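The numbering used here applies: residue 795 is where the first sequence begins, and numbers increase by one. From the three backbone atoms N, C-alpha and C, an ideal C-beta is built for every residue, glycine too. These figures come from a predicted structure and were not determined experimentally.
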Amino acid sequence: MSDVRTRFCPSPTGMVHVGLLRTALFNWAHARHTGGTFVVRIEDTDAARDSEDSYRHLLDSLRWLGLEWDEGPEVGGPHGPYRQSQRHDVYREVAAKLVEAGHAYESFSTNEEVDARRRAAGQDPKLGYDNADRYLTDAQKAAFRDEGREPVLRLRMPDEDLAWTDLVRGEVRFAAGSVPDFVVVRANGVPLYPFVNPVDDALMGITDVLRGEDLLPSTPRQLALYAALQDVGVAGGPPRFGHLPYVTGEGNKKLSKRDPQSNVDVYRERGFVPEGFANYLALLGWSIAEDRDVFSMAEMAEAFDVTRVSANPARFDVRKAEAINATHVRQLPVEEFVDRVVPFLAGAGLVADPPTPEQDRVLRAIAPMAQERTVVLSDVVGLVGFLFTDEVAIDPAAAAKNLRPEDAEVLTAASAALEGLGEWTTAAIETALKEALVEGLGRKPRQAFGPVRVAVSGRTVSPPLYESIELLGRERTLTRLTAAREAAG
RNA sequence: GCCCCCAUCGUCUAGCGGUCCAGGACGCCGCCCUUUCAAGGCGGUAGCACGGGUUCGAACCCCGUUGGGGGCACCA
């Protein structure tokens, strides 16, 4: 086991974003590759937006993807608790140390006052806080308190350039003085994210911070905080940072929280398999080899190297995600495929869960043929649904194309051929239908089997016809052929 | 406005100074296979943003331009 410790620290607000999961995946892969430790911490300091539902949903999504954590909520560990809502005492204590050592100070300025001062000095108010309260005397502080003002705590930024070697971007540097003293604890005593995040990273011994590019501009503040923390004995050195590229949607805009495309649930519900989804997520900024893009989680862990993560933003491409997923679906052992598909069929009311013995027999028989036609698991509902119902719903477009008046003769001939068929097997059905329709009617295969396919399956696209007919059984097949002939007029 | 990041086919990427008239994948287009659709096989389409340097030699290094994105809270 190496001493690398990575962490994933989401805040439980709302839905689970695909970009968030990508970040989790890379932290996981980095920890696994290095033989280190993957920590999950919940940043629920914002009581107004956090919810227990979304907390559970977050953990569930991680587990679904296959990202087991070594320390964190529900599994524990030596640095708990792993939910910030339970760590207030820790923050209070650290803040006090920082004040005592002079790294943090009480600040009474209101935003309006800061603005006014900047304007008066002929500066752009957008420059932000002006560090004016750094050297307040006790008397001045007392006077502010007498006015009824409560101070925030700000961290004193050092007067030197802040630079680090980013794991994915190389050296990044912010000039001295470009970042104002920032608030670490609110006037009401609640500590803020830019404070608790590094404090917990320090306390939990995090060595490698892999996070979204949006956090890059806040890194100088973290570095300054780390230096202060180190000075008061709370932290060792700062961690390594690696800023992961954005995951974007259409038009290179950051995939917004409101965009349905960014919600993992929609992929789960459509029947993306975790192996496939994780594989695609990994491709967003990383590649395993020059000529390969399908791999397992184990292979990713084996090969992952943060240093080789791309710095450019990646567009989330559903088509490619589907293609990768389809490959993983096809690679599943058939029994596994059947197991995974049952909930979708049951959800559509087509089979019982667990399936009855008869349903199970049919499902297992059709599975190999359905599997290679499946992109996402929910596809099977449309693909094999006709086998599990007495009444097929005929797709109107399919009927218009293949159940025209001139097709009635096909249906009649097919019925006749199948009605007295001695042996109800795929081979016998094939022979009988070819004799009756191709030779008997002189139709081209396409013209001959199209109407039959629509009659029995309701669609122009289905698993192989003869196999389907065998599984459907003689009775239901004949009923459907008759019904379709009437419909064809 | 200030600060920061990014820049190879439509998209994701390989490329880490010569072996690149740039490789793979998705998509798209053909063909083969074929009872449909897939899968599979074969082939094709399409790219180093621009301008200066450095160098014997640049997609790769440096500078600038342009373009895109992000950050500038008592949110996370």
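Problem - Selected residue, minimal CA-CA separation from Gly-942, among Asp-1025, Thr-904 and Pro-1257 - result: Closest option to Gly-942, Cα to Cα, is Thr-904.
Problem - Sequence ranges, beta strand (DSSP E) only - wholly within the segment 801-861, length at least 3 - result: Fully enclosed beta strand (DSSP E) runs of 3 or longer: 831-834.
Exercise for the section: State whether the segment 1185-1192 contacts the segment 1202-1209, with contact taken as three or more CB pairs (one from each stretch) at a distance under 8 angstroms. Expected result: No, they do not touch.
Practice task
Whole angstroms is fine: what's the gap from Phe-1138's alpha carbon to Ala-1159's?
Solution key: Roughly 17 angstroms separates the two Cα atoms.
Problem - Residue environment, Tyr-929, which counts as buried when at least 16 other CB atoms sit within 10 Å - result: Label assigned to Tyr-929: exposed.
Problem - Those residues which DSSP pairs with Leu-947 across a bridge - result: Partner(s): Glu-900 and Val-979.
Problem - Exposed unless 16 or more other CB atoms sit within 10 angstroms - verdict on Ala-910 - result: Under this definition Ala-910 is an exposed residue.
Problem - Rounded separation between Val-977 and Arg-877 - CA only - result: Each residue's alpha carbon lies about 21 angstroms from the other.
Exercise for the section: Select from Val-833, Asp-797 and Pro-804 the residue whose C-alpha is nearest the C-alpha of Asp-840. Expected result: Among Val-833, Asp-797 and Pro-804, the Cα nearest to that of Asp-840 belongs to Pro-804.
Practice task
Below 6 angstroms CB to CB, which residues in the same chain sit around Phe-1182 once its five sequence neighbours on both sides are set aside?
Solution key: So the qualifying residues of the chain are Leu-1144 and Val-1145.
Handout entry: First through last residue of the beta strand (DSSP E) which encompasses Ala-957
Key = Note, Ala-957: beta strand (DSSP E), 956-960.
Handout entry: Contacts around Arg-881, its chain only, beta-carbon distance under 8 angstroms, and the 5 residues preceding and following it disregarded
Key = Cβ within range, chain order: Pro-875, Val-990 and Asp-994.
Handout entry: At least 3 beta-carbon pairs within less than 8 angstroms: the segment 1058-1074 vs the segment 994-1005
Key = Look at the beta carbons and you see the segment 1058-1074 not touching the segment 994-1005: under three pairs across the two are nearer than 8 angstroms.
Handout entry: Pick from Met-809, Ala-818, Gly-813 and Glu-862 that is closest to Ser-845, judged by C-alpha positions
Key = Of the candidates Met-809, Ala-818, Gly-813 and Glu-862, the one whose C-alpha sits nearest the C-alpha of Ser-845 is Met-809.
Problem - Per-residue DSSP class, three states only, for Phe-1131 - result: Phe-1131 falls in the helix class under three-state DSSP.
Handout entry: At least three beta-carbon pairs within less than 8 angstroms, the segment 1037-1044 to the segment 824-843
Key = No: fewer than three Cβ pairs fall under 8 angstroms.
Practice task
Starting from Phe-1035, follow its DSSP beta bridges and name the residues at the other end.
Solution key: Partner(s): Val-1003.
Practice task
Name the one or two DSSP bridge partners that Arg-799 has.
Solution key: Thr-831.
Practice task
Since I believe Leu-1275 is in contact with Ala-1193 (beta carbons under 8 angstroms), could you give me their beta-carbon distance rounded to a whole number of angstroms?
Solution key: Rounded to the nearest angstrom, the Cβ distance from Ala-1193 to Leu-1275 is 14 angstroms, too far for a contact under 8 angstroms.
Problem - Proximal residues to Pro-735 (C-beta, below 7 angstroms), its chain only, five neighbours per side dropped - result: For residue 735 there is no data in the structure shown, the boundaries of the chain being 795 and 1283.
Exercise for the section: Taking 9 angstroms as the cut-off, decide whether the C-beta atoms of Val-1088 and Ser-855 are in contact. Expected result: Val-1088 is not a Cβ neighbour of Ser-855, given a cutoff of 9 angstroms.
Problem - Of the residues Pro-974, Arg-948, Pro-952 and Val-1003, the one placed nearest Leu-986, counting alpha carbons only - result: Measuring C-alpha to C-alpha distances from Leu-986 to each of Pro-974, Arg-948, Pro-952 and Val-1003 identifies Arg-948 as the nearest.
Handout entry: Spatially closest choice to Ala-1092 from Pro-806, Leu-1010 and Glu-862, by CA coordinates
Key = Of the listed residues, the one whose Cα sits closest to Ala-1092 is Glu-862.
Practice task
Measure the alpha-carbon distance for Arg-1062 versus Gln-1055 and round it to whole angstroms.
Solution key: Computed Cα separation, rounded: 12 angstroms.
Practice task
Give the secondary structure of Thr-1013 by DSSP, where H, G and I count as helix, E and B as strand, and everything else as coil.
Solution key: Residue state, collapsed to three classes: helix.
Handout entry: DSSP three-state assignment for Arg-1167, whether helix, strand or coil
Key = Reduced to three states, the DSSP call for Arg-1167 is coil.
Exercise for the section: State yes or no: is the C-beta of Ser-1251 within less than 9 angstroms of the C-beta of Pro-1257? Expected result: Contact annotation: Ser-1251 and Pro-1257 have beta-carbon atoms nearer than 9 angstroms.
Practice task
Answer yes if the segment 943-962 comes into contact with the segment 1007-1017, meaning at least three C-beta pairs across the two stretches below 8 angstroms, and no otherwise.
Solution key: Yes: at least three Cβ pairs fall under 8 angstroms.
Handout entry: Supposed close pair Gly-866, Val-834 - CB separation, criterion 8 angstroms
Key = A Cβ-Cβ distance of about 3 angstroms is found for the pair Gly-866 and Val-834, placing them in contact under the 8 angstroms criterion.
Practice task
Out of Ala-937, Glu-907 and Asp-932, state which residue places its alpha-carbon closest to the alpha-carbon of Ala-926.
Solution key: Looking at the Cα atoms, Glu-907 is the closest of the given residues.
Exercise for the section: Under the assumption that Thr-1254 contacts Asn-1196 (Cβ atoms under 8 angstroms), give the Cβ distance between them as a whole number of angstroms. Expected result: Here Thr-1254 really is in contact with Asn-1196; their C-beta atoms are around 6 angstroms apart, less than 8 angstroms.
Practice task
Compare the Cα-Cα distances from Ala-1281 to each of Phe-1243, Asn-821, Trp-822 and Val-1248 and report the closest residue.
Solution key: Nearest to Ala-1281 by C-alpha distance, out of Phe-1243, Asn-821, Trp-822 and Val-1248, is Val-1248.
Practice task
Between the Cα of Asp-838 and those of Ser-879, Asp-847, Asp-1111 and Phe-1243, spot the shortest distance and give me the residue it belongs to.
Solution key: Considering only alpha carbons, the answer is Ser-879.
Handout entry: Limits of the unbroken alpha helix (DSSP H) element including Val-888
Key = From DSSP, the alpha helix (DSSP H) with Val-888 extends over 882-894.
Problem - Beta-carbon proximity check, Ala-1161 vs Phe-1180, cutoff 9 angstroms - result: In this structure, Ala-1161 lies away from Phe-1180, with their beta-carbon atoms at least 9 angstroms apart.
Problem - Phe-1110 vs Gly-1006 beta-carbon contact at 9 angstroms - result: Not closer than 9 angstroms, so no.
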